[in-house]
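**Q** Could you have a look at this structure, given as structure tokens, before my questions?
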Amino acid sequence: MTSLSTSAIEQNKNFLFNFIVNVLDGGFFGLGLGFASFSTVIPLFVSTLTDSAILIGLIPAIHVVGWQLPQLFTAHRVAQQKRYKPTVMLFTIHERWPFLGLAVVAWFVPQIGPQIALALTFFLLICQGFGGGFTATAWQSMIGKIIPASRWGVFFGFQSGAANLLAFVSAIIAGIILTNNESTVGFSTCFILASLAFTISYVVIAFTREVSSIPKTSSSERKLFWKDLRAILKRDTNFRWFVLVRILAQLGTVGFAFYSVYVVNYYGVNEATAGLLTGIMMVVQTLFNLIMGWLGDRWSHRGVMAIGMIAAAVSAGVALWAPSVGWFYLAYALAGIANVAVWTIALAMTLEYGHEHEKPAYIGMANTLIAPTAFFIPLFAGWLADNAGYNATFLATSIGAIATFLVLVFIMRDHSKPIMVKE
19 MTSLSTSAIE QNKNFLFNFI VNVLDGGFFG LGLGFASFST VIPLFVSTLT
69 DSAILIGLIP AIHVVGWQLP QLFTAHRVAQ QKRYKPTVML FTIHERWPFL
119 GLAVVAWFVP QIGPQIALAL TFFLLICQGF GGGFTATAWQ SMIGKIIPAS
169 RWGVFFGFQS GAANLLAFVS AIIAGIILTN NESTVGFSTC FILASLAFTI
219 SYVVIAFTRE VSSIPKTSSS ERKLFWKDLR AILKRDTNFR WFVLVRILAQ
269 LGTVGFAFYS VYVVNYYGVN EATAGLLTGI MMVVQTLFNL IMGWLGDRWS
319 HRGVMAIGMI AAAVSAGVAL WAPSVGWFYL AYALAGIANV AVWTIALAMT
369 LEYGHEHEKP AYIGMANTLI APTAFFIPLF AGWLADNAGY NATFLATSIG
419 AIATFLVLVF IMRDHSKPIM VKE
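The following block contains the structure:
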């Protein structure tokens, strides 16, 4: 029988409790994101302040860059912690309070005017994005510590599934709110409801059980830490290809951010229909998070991500070709599958790299190294939409998804699967 360390025994002892608590955390976080979606509600709000496709394209870019950029720079400090949870609880506040600020801005748009409201909106989006980024390395390290490696895919699948299910509900409600209220009341109500959901999520994650462990590094090893980063990049060829895959996947999904504005502006659908389309995407993500997470654990996270990129290419192709708005139901559904690949599956793949003491470094590099392109690719997509039309952006998205698929299938390789340990 396999002997387990004290930390492994505690991990298995608290596994079910931590699994439930963190799935609930993700569920309520998703509920909030449905009310303040970065793909629907916030772009629609910004579109009432400006008609610039570049600025609208910046919305998901800021969110992603804010999440990714700080992670490498926080990795060394995170690696010094005996427990990751206190760092998570401290910094995650800053990815939640900006939504209350958005509610205030939305309410006072008639008084302050669109230009000031636009500036404040982007300031709050930057605060929210970087709040998530300063939380991210500690949160991922905490999950890697409290959830057994053989269950990472299932956990992220269930957590993201819960998030998307509740986001579907709140997206539908948000669409109804926006349709039946004038802009000021509608958007401020959505952002207030989002803030309430994020508050509940914060309370729930506070119940996470994490035992103390020996820090991965000490405060005196900072130079050695940065030297190790260079050594990791030099020796781990597969990780370098993984970083390239994540960059290409940004291009392969960038067009999704323009779907809602496109169907509203070019097909004349109302906000309720836009909310329904987003809701369909959330339902698909709920189902496929469970399926793809489970399949990744038992087959191949790399293979599952490749399937997701096929879905991304077809989704953008449908958006490009669609003769009527009805085809966007399919485009949104396929985008949901692709989103699972680039978020849920990518999270699980990131945790596969490196030994235990190297994980904060791998997590940091896997995100920070792709942050610059996460900013510039949406800018390029917005510029393309402004100057060549949205169809050009959808074509570029499809090409990016195909390129990502080719690297995943023909160049990258799988990691060996962890041994399933019975509790």
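The working numbering applies: residue 19 is where the sequence shown begins, and numbers increase by one. All C-beta atoms, glycine included, are put in the ideal place defined by N, C-alpha and C.
1) Tell me the rounded alpha-carbon separation between Ser231 and Ile194.
2) With the cut-off set at 7 Å, would you say Gly418 and Gly293 are in Cβ contact?
3) Would you mind stating whether Phe109 and Ala215 have Cβ atoms separated by less than 7 Å?
4) List, from N- to C-terminal side, the alpha helix (DSSP H) runs of 4 residues or more that fit wholly inside the stretch 391-439.
5) Report yes if the CB atom of Ala329 is closer than 7 Å to the CB atom of Ala356, and no otherwise.
6) Can you tell me the Cα-Cα spacing of Phe99 and Phe306, whole angstroms?
7) Quick check on this structure: which residue in Gln303, Gly321 and Phe243 has the alpha carbon closest to the alpha carbon of Val358?
8) Work out the CA separation of Pro78 and Gly84 for me, nearest whole Å.
9) Could you compute how far the alpha carbon of Val282 sits from the alpha carbon of Ile420?
10) Between Ser416 and the rest of its own chain, which residues show a CB-CB distance below 6 Å, the 5 nearest in sequence each way excluded?
11) If you compare alpha carbons, which of Lys103, Asn409, Asp69 and Val39 is closest to Tyr277?
12) In whole angstroms, what separates the C-alpha of Lys103 from that of Pro378?
13) Roughly how many angstroms separate the alpha carbons of Val197 and Val82, rounded to a whole number?
14) Could you check whether Gly151 and Leu87 sit closer than 7 Å to each other, using their CB atoms as the reference points?
15) Taking contact to mean 3 or more Cβ pairs, one atom from each stretch, closer than 8 Å, check whether the stretch 284-299 and the stretch 154-170 are in contact.
16) Rounded to the nearest angstrom, how far is the Cβ of Met430 from that of Arg316, given a contact under 8 Å?
17) For the stretch 181-248, list the alpha helix (DSSP H) runs that are entirely contained and at least 4 residues long, ordered along the chain.
18) Met107 to Gly286, Cα distance in whole Å?
19) Determine the DSSP secondary structure at His373, reduced to helix, strand or coil.
20) Looking at Gly382: is its Cβ nearer than 7 Å to the Cβ of Ala93?
21) Would you tell me roughly how many angstroms separate the C-alpha atoms of Pro116 and Ala135, rounded to the nearest one?
22) Considering only the beta carbon of each residue, do Leu142 and Ser213 sit closer than 7 Å?
23) Spell out a yes or no on whether the stretch 393-403 and the stretch 49-67 are touching, meaning 3 or more CB-CB pairs, one atom from each, closer than 8 Å.
24) Run the CB neighbour count on Pro166, radius 10 Å, all protein chains shown included, and call it buried at 16 or more, exposed below.
25) Which first and last residues belong to the alpha helix (DSSP H) in which Val287 is found?
26) With a 10 Å radius around its C-beta and 16 neighbouring C-beta atoms as the bar for buried, classify Phe428 as buried or exposed.
27) Take Thr201 and list the residues in its own chain whose beta-carbon comes closer than 7 Å to its own, dropping the five residues that flank it on each side.
28) I need the DSSP call for Leu313, collapsed to helix, strand or coil.
29) Can you tell me the Cβ-Cβ gap for Trp259 and Val425, rounded? I've got them flagged as a contact below 8 Å.
30) Under a three-way DSSP split, which group does Phe47 fall into?
31) If distances are taken between C-alpha atoms only, which option among Phe209, Phe37, Arg95 and Pro390 comes closest to Gly52?
32) Which residue marks the beginning of the alpha helix (DSSP H) containing Lys100, and which one marks its end?
33) I'd like the span of the alpha helix (DSSP H) that includes Val123, first residue to last.
34) Assign Gly131 to one of three DSSP states: helix, strand, or coil.
35) Could you give the distance in angstroms between the alpha-carbon of Met438 and the alpha-carbon of Leu34?
36) Exposed or buried, which one is Lys245 when buried takes at least 16 other CB atoms within 10 Å?
**A** Let me spell this out:
1) One-based indexing of the sequence shown puts residue 231 at position 213. One-based indexing of the sequence shown puts residue 194 at position 176. One C-alpha to the other measures close to 48 Å.
2) Locating residue 418 in the sequence shown gives position 400, where the first residue counts as 1. Locating residue 293 in the sequence shown gives position 275, where the first residue counts as 1. The answer is no: Cβ separation not under 7 Å.
3) Locating residue 109 in the sequence shown gives position 91, where the first residue counts as 1. Locating residue 215 in the sequence shown gives position 197, where the first residue counts as 1. Contact: no.
4) Restricted to the stretch 391-439, the alpha helix (DSSP H) segments that are unbroken, complete and at least 4 residues in length are 408-428, listed in chain order.
5) Along the sequence shown, one-based indexing puts residue 329 at 311. Along the sequence shown, one-based indexing puts residue 356 at 338. In this structure, the beta-carbon distance from Ala329 to Ala356 falls below 7 Å.
6) As a first step, residue 99 must be located in the sequence shown, where it is residue number 81. As a first step, residue 306 must be located in the sequence shown, where it is residue number 288. Looking at the sequence shown, residue 99 is not Phe but Gln. If I take the Cα positions, the gap works out to 34 Å.
7) The count along the sequence shown starts at 1 and reaches residue 358 at position 340. The candidate whose alpha carbon is nearest that of Val358 is Gln303.
8) Within the sequence shown, numbered from 1, the residue matching residue 84 stands at position 66. Within the sequence shown, numbered from 1, the residue matching residue 78 stands at position 60. Going by the C-alpha atoms only, they are around 10 Å apart.
9) What you label residue 282 is simply residue 264 of the sequence shown in a count that begins at 1. What you label residue 420 is simply residue 402 of the sequence shown in a count that begins at 1. For the pair Val282 and Ile420, the Cα-to-Cα distance works out to about 28 Å.
10) To locate residue 416, count along the sequence shown from 1; it is residue 398. Result list for Ser416: Ala331, Ala334 and Gly335, in chain order.
11) For this step, residue 277 is matched to residue 259 along the sequence shown. Proximity to Tyr277 across Lys103, Asn409, Asp69 and Val39 peaks at Asn409, based on C-alpha coordinates.
12) Indexing the sequence shown from 1 puts residue 103 at position 85. Indexing the sequence shown from 1 puts residue 378 at position 360. Each residue's CA atom was taken as its position, placing Lys103 and Pro378 some 14 Å apart.
13) The count along the sequence shown starts at 1 and reaches residue 197 at position 179. The count along the sequence shown starts at 1 and reaches residue 82 at position 64. A small fix is needed here, since residue 197 is Thr in this sequence, not Val. One C-alpha to the other measures close to 28 Å.
14) Counting from 1 along the sequence shown, the entry for residue 87 is found at position 69. Counting from 1 along the sequence shown, the entry for residue 151 is found at position 133. Cβ atoms of Leu87 and Gly151: closer than 7 Å.
15) Segments in contact, no.
16) Stepping through the sequence shown from its first residue, residue 430 is reached at position 412. Stepping through the sequence shown from its first residue, residue 316 is reached at position 298. A Cβ-Cβ separation of about 19 Å leaves Met430 out of contact with Arg316 under the 8 Å criterion.
17) Those alpha helix (DSSP H) runs which fall completely within the stretch 181-248 and span 4+ residues are 201-223.
18) Numbered from 1 along the sequence shown, position 89 holds the residue referred to as residue 107. Numbered from 1 along the sequence shown, position 268 holds the residue referred to as residue 286. Looking at the two C-alpha atoms, the distance is approximately 43 Å.
19) Here residue 373 refers to the residue found at position 355 of the sequence shown. If DSSP states are grouped into helix, strand and coil, His373 belongs with coil.
20) Taking the sequence shown and counting its residues from 1, one reaches residue 382 at position 364. Taking the sequence shown and counting its residues from 1, one reaches residue 93 at position 75. Yes, these two residues count as a Cβ contact at 7 Å.
21) As a working mapping, residue 116 is identified with position 98 in the sequence shown. As a working mapping, residue 135 is identified with position 117 in the sequence shown. Rounded to the nearest angstrom, the two C-alpha atoms are 14 Å apart.
22) By one-based count along the sequence shown, residue 142 stands at place 124. By one-based count along the sequence shown, residue 213 stands at place 195. The Cβ atoms of Leu142 and Ser213 do not sit closer than 7 Å to each other.
23) Counting Cβ pairs under 8 Å, fewer than three are found: no touch.
24) Sequence index remark: in the sequence shown, residue 166 carries index 148 (1-based). Under a 10 Å Cβ-count criterion, Pro166 is classified as buried, with 16 or more other Cβ atoms of the shown protein chains found around its own Cβ.
25) By one-based count along the sequence shown, residue 287 stands at place 269. Neither: Val287 is in no alpha helix (DSSP H) and is coded neither H nor E.
26) Numbered from 1 along the sequence shown, position 410 holds the residue referred to as residue 428. By the neighbour-count rule (16 or more Cβ atoms within 10 Å), Phe428 is not buried but exposed.
27) The residue given as residue 201 occupies position 183 in the sequence shown. In the sequence as displayed, the identity of residue 201 is Ser instead of Thr. Apart from the 5 residues on each side of it in sequence, Ser201 sits with its Cβ closer than 7 Å to the Cβ of Thr66 in its chain, given in chain order.
28) Within the sequence shown, residue 313 is the residue found at index 295, counting from 1. Here Leu313 sits in helix by DSSP.
29) Counting from one through the sequence shown, the residue named residue 259 turns up at place 241. Counting from one through the sequence shown, the residue named residue 425 turns up at place 407. About 6 Å separates the beta carbon of Trp259 from that of Val425, a gap short enough to meet the 8 Å contact definition.
30) Within the sequence shown, residue 47 is the residue found at index 29, counting from 1. Per DSSP, reduced to three states, the secondary structure at Phe47 is helical.
31) On the sequence shown, residue 52 is found 34 positions in, with the first residue counted as 1. The residue from Phe209, Phe37, Arg95 and Pro390 with its alpha-carbon nearest to that of Gly52 is Phe209.
32) Within the sequence shown, numbered from 1, the residue matching residue 100 stands at position 82. Where Lys100 is concerned, there is no enclosing alpha helix (DSSP H), given that its DSSP letter is neither H nor E.
33) Taking the first residue of the sequence shown as 1, we reach residue 123 at position 105. If you look at Val123, you'll find it in the alpha helix (DSSP H) that goes Pro116 to Trp125.
34) Here the question's residue 131 lines up with position 113 in the sequence shown. When secondary structure is reduced to three states using DSSP, Gly131 falls in the coil class, being assigned neither helix nor strand.
35) The residue you call residue 438 lines up with position 420 of the sequence shown. The residue you call residue 34 lines up with position 16 of the sequence shown. For Met438, the pLDDT reaches just 48, beneath the cut-off of 50, and the residue's location in the model is therefore unreliable, leaving the point undetermined.
36) As a working mapping, residue 245 is identified with position 227 in the sequence shown. Classification for Lys245: exposed.
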